[in-house]
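Everything on this sheet refers to the single structure shown next.
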DNA sequence: GTGAACTTCGTTTTT
DNA sequence: CGAAGTTCAC
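Residue numbers (the UniProt record's numbering): 1 to 859.
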């Protein structure tokens with residue numbers, strides 16, 4: 001358990017990136033040619049196969065980034081190309097930064113000279129600024145953020161007199177996003193899509209939106225790729241120029257590319273017949289988790305067809321995880337179809353290594369307590385908190401952990417969440433700067449005309465709009481003219497006049513004042529700083545800090561316009577990684593990271609796999625969820641601890657839950673089903689514990705709320721968290737005796753077998769797959785109330801060697817068809833179908849429902 | 001035009 | 001249950 005390699009590295013790493021770097025076994029690369037040493041055969045092959053199309057299938061932890069950076073270093077060192085002749089694209093700024101940094105290390109200096117290493121978007125902007133006039137923009141166009149975008153759409157919808165309840169702006173935004181992800185201009189969208197929104201006005205609105213962007217001299221994120229695609233398509237001379245320029249093209253995370261990105265790449269990688277591009281795409285189809293935002297796994301699956309004769313290199317030697325972790329992950333992901341197929345292996349085999357642990361907790365609070373306890377135990381053994389992470393499926397899960405860690409005084413850090421630039425105060429401040437630099441930036445102007453409150457509401461804005469539209473001038477200019485007239489009442493007119501004059505003054509200062517000072521002046525004189533100073537809310541001080549931080553960060557740029565240009569794309573800021581803290585984040589944001597110990601809570605049906613993925617994505621939705629699970633598992637280096645709870649509060653109501661099907665897909669050989677720490681009282685008592693049953697008020701009338709709240713407050717495990725659950729928690733019965741008893745297997749349409757009826761999961765909208773009976777309680781069922789007291793449900797397995805089969809005794813249900821039963825919420829009914837511990841009951845009044853048998857009594 | 005009551009709805013997120 | 005957005009009375 002406590003193997004020596006667990007000890008802290010001699011040098012204290014400063015951050016996640018640094019740790020990741022060190023951990024990937026990056027050779028010191030002190031000499032300039034050192035980039036080749038320490039590579040395994042496949043990695044070396046990937047680095048040296050510089051000519052022609054190459055697809056590198058890099059499994060988790062196989063040194064993907066290392067290959068990419070070494071390859072670039074190799075191209076440079078062998079003088080195959082100048083830095084400016086290499087196009088290297090990533091998805092995130094972080095990845096781009098890390099690559100720059102590491103190449104710099106290898107080559108011996110910072111690679112300032114790689115102008116075309118960056119994100120799809122930053123490279124798109126670069127191209128677009130060069131040729132902006134070809135699509136009707138000026139090269140100083142603004143990049144809209146999502147807020148601006150929504151506001152603009154709202155205006156358009158209003159102009160169309162559309163009911164914004166029925167046709168929300170956000171819906172149209174995501175629709176348009178989808179089109180742009182596919183590289184479709186308004187005239188190219190399919191007929192069906194065009195009709196989909198607002199009774200056939202989709203296309204027209206899209207066109208109107210694009211027109212409006214042009215007049216605003218603005219582009220949204222989708223345009224940053226759309227426009228370049230159209231430019232390259234329509235201007236062969238330019239395309240040829242880029243073909244000559246980019247002698248080598250590299251793409252990171254190819255499995256995440258969407259259609260637009262694919263089209264863009266394909267244009268750039270196009271070569272005359274008989275020639276092949278020097279294109280290297282690196283990715284892992286098993287880690288494709290962004291299908292929901294337009295990523296096409298198909299791009300990577302199709303690579304060999306797109307580029308006949310492509311060389312495919314598999315990186316399967318894993319340098320990160322123990323054999324148990326890899327074994328579990330491999331077995332799980334094998335349940336997906338349509339993979340390119342890789343099997344990770346490692347030499348890290350040690351009988352001392354922990355198996356992947358699966359543990360059950362009664363409810364989410366106990367889950368947080370138990371994980372907190374485990375973290376403290378590890379900490380006492382000398383493990384750094386920085387080496388531990390909790391990876392959740394959905395961000396609402398984070399809260400429980402945060403609450404728990406606060407009471408424990410355990411340092412934690414939430415990764416993800418609203419990013420710095422997305423915060424309201426930052427966007428407001430930026431809007432002030434934008435208008436200062438570009439008085440025609442209507443969207444920015446609108447954002448802050450009445451922030452802080454100046455008494456300029458809808459009426460005033462509307463007037464401004466009408467005037468501006470009539471004269472075809474920007475809003476600020478319209479304001480400038482209107483304050484001379486009598487259109488406004490005195491008070492709004494004065495307010496408007498002040499803004500107009502302020503912006504004029506600030507605009508003049510841009511040239512002779514230091515930009516950081518000017519920024520401070522603007523926020524000061526506009527009353528924006530004062531607004532937060534007078535705000536008594538808890539967040540206000542933090543917001544002021546953020547504003548300070550914003551101004552401080554402007555120091556890194558040499559002018560206000562320069563700063564704004566950058567901030568639109570590179571808007572993330574570093575987290576303070578100096579303190580030792582447990583990381584809490586979603587599985588999505590964990591991709592690419594690694595930790596000694598990884599906790600994976602919440603493996604329950606409905607949450608993980610998420611019900612919505614199942615409902616909306618069907619089989620492929622499930623497979624993407626499975627890939628997420630795979631990503632989660634493969635983040636762990638030494639220890640992976642999976643948890644699932646029997647009861648979870650969803651939308652404020654306690655619901656009993658069923659273990660994730662992914663648990664059943666784990667191999668027995670690498671996984672152990674752990675008992676929850678004894679201090680939590682072990683597993684539940686008999687399901688028929690009368691007291692427990694009657695106290696778990698599944699249906700609490702409104703008048704009982706206060707009472708319930710009081711009970712909840714006294715619910716064991718408050719501050720201390722070490723209290724056992726008391727009388728209900730003790731029982732002589734073996735926890736597993738209460739396992740779900742599923743006898744029958746069900747055959748899916750695809751021929752695989754499952755232990756659940758397929759209908760339980762598919763086709764049910766907006767309703768997590770939980771026992772009906774358990775819904776409607778605002779109090780957690782007490783432990784021992786006996787739902788899913790077992791560690792894991794299971795039955796005979798089809799795939800051999802999978803988890804649990806042996807650990808659960810098969811007990812037939814005590815009910816059979818035709819039995820009369822009573823249910824607290826639904827009343828009396830007749831059992832129609834018995835499915836293990838799940839019953840389908842025809843209730844006399846409530847109709848047919850599926851319930852867990854623990855919730856009904858025989859009558 | 002603004003704050004307070006009321007309704008709605010509930011993944012994942014980068015740029 | 002709680003956040004976010006919306007409506008409604010001053």
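In this text, a Cβ means the ideal position worked out from N, Cα and C, and glycines have one as well.
On the three-state DSSP scale, how would you describe residue i?
i	result
residue 817	coil
residue 570	coil
residue 39	coil
residue 292	helix
residue 314	strand
residue 59	coil
residue 857	strand
residue 667	strand
residue 345	strand
residue 844	coil
residue 860	There is simply no residue 860 to check, as the chain begins at 1 and stops at 859 in what is shown.
residue 643	strand
residue 563	helix
residue 218	strand
May I ask which residues mark the beginning and end of the alpha helix (DSSP H) holding residue i?
i	result
residue 198	Run containing residue 198: none; DSSP gives neither H nor E here.
residue 236	236-245
residue 53	Premise fails: residue 53 is in no alpha helix (DSSP H) and is neither H nor E.
residue 459	458-471
residue 206	202-215
residue 72	64-77
residue 503	490-512
residue 114	Segment: none, residue 114 is in no alpha helix (DSSP H) and carries neither H nor E.
Going by DSSP, which residues form a beta bridge with residue i?
i	result
residue 655	648
residue 583	389, 413
residue 636	595
residue 610	606, 607
residue 250	88, 280
residue 672	357
residue 828	822
Is residue i a contact residue of the ligand HEM, with contact defined as CB to any heavy atom under 7 Å?
i	result
residue 63	With respect to small molecules bound, the structure shown includes none, and the ligand HEM cannot be examined in it.
Nearest CA to the CA of residue i: which residue from the options?
i	options	result
residue 317	348, 269, 310	348
residue 125	143, 136, 113, 162	143
residue 229	471, 81, 181, 190	181
residue 249	553, 330, 373, 81	81
residue 641	328, 265, 78	328
residue 518	223, 545, 429	429
residue 612	394, 486, 402	394
residue 58	345, 189, 469	345
residue 467	480, 457, 256, 40	480
residue 505	494, 516, 496, 522	522
residue 671	40, 410, 324	324
Using C-beta distances below 6 Å, list every residue in its chain close to residue i, excluding the 5 sequence neighbours before and after it, in chain order.
i	result
residue 60	634
residue 364	400, 645, 648
residue 43	63, 67
residue 74	47
residue 113	83
residue 115	84
residue 620	none
residue 312	55
Give the range of the beta strand (DSSP E) segment to which residue i is assigned.
i	result
residue 88	86-90
residue 362	356-363
residue 119	117-119
residue 137	Careful: residue 137 lies outside any beta strand (DSSP E) and carries neither H nor E.
Using C-beta distances below 7 Å, list every residue in its chain close to residue i, excluding the 5 sequence neighbours before and after it, in chain order.
i	result
residue 149	173, 220
residue 29	Only weak support exists for where residue 29 lies, its pLDDT of 41 falling under 50; the coordinates are left without a value.
residue 278	50, 51, 52, 247, 248, 249
residue 510	436, 437, 518, 560
Among the residues of its own chain, which have a CB less than 8 Å from the CB of residue i, if the five just before and after it don't count?
i	result
residue 138	132, 217
residue 859	820, 821, 822, 828
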